[in-house]
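Here this note's numbering is used: position 14 in the sequence shown is 18, and no number is missing along the way.
Here is the structure we will look at, set down as structure tokens.
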Amino acid sequence: MITQYNNLIFPKGDPLPNTYFTGNAFLTPLVTRNNNNDYSIGNVTFEPGARTHWHTHPKGQTLIITSGEGFYQEKGKAARPLKKGDVVTIPENTVHWHGASANSMFVHIAITNILNDQSVVWLEAVTDAEYGTAKNK
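And the structure:
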């Protein structure tokens, strides 16, 4: 076990499918959609170098970084480095990815809005070259 995981707020969670992630990522669901809300909240943990594929959210998403170091990048823009305490508000239908730096785990709480039963549209994988550009910033 990576020692960085010892001080996490929530459990590491269950593995996420590598059909939508490169590397090892995990999810702990915190709040599911119900009659009181049209969003879900989950704690997502990325091992070093792990990242999402490019994707969009039909109704947007907010990330609250709770541990480690990582990146957020919108298609066509420079990657933004992230650390504990940062908050990212992702506009609806914005193509983006997020994940860990090469040398650190990365944990965020994801608040994902749901529109017509859809929360995410998965796209192609972030290439090693695209990730390399981000991690070298």
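A virtual CB, placed ideally from N, CA and C, is assigned to each residue, including glycine.
Note that the structure is predicted; figures quoted are calculated from it, not measured.
Assignment of residue 137 by DSSP, reduced to helix, strand and coil, places it in the helix class. Taking a cut-off of 8 Å for Cβ pairs, the region 51-71 and the region 113-125 touch, as three or more such pairs fall below it. About 5 Å separates the Cβ atoms of residue 50 and residue 103, confirming a contact at the 8 Å cut-off. Between the C-alpha atoms of residue 100 and residue 86 there is a straight-line separation of about 14 Å. Cα atoms of residue 138 and residue 121: separation of roughly 32 Å, rounded to the nearest angstrom. Along the length of the region 64-134, whole alpha helix (DSSP H) runs at least 4 residues long do not occur.
Taking all protein chains shown into account, residue 47 has 16 or more neighbouring C-beta atoms within 10 Å of its C-beta and is therefore buried.
The beta carbon of residue 96 is closer than 7 Å to those of 61, 62, 63 and 64 in its chain, skipping five residues each way along the sequence. If the five residues before and after residue 130 are omitted, its C-beta is found closer than 7 Å to the C-beta atoms of 26, 55, 57, 58 and 101, all from its own chain and listed in chain order. Distance check between residue 13 and each of 111, 82 and 132 places 111 closest, using alpha-carbon atoms only.
In the DSSP secondary-structure assignment, residue 37 is not bridged to any residue.
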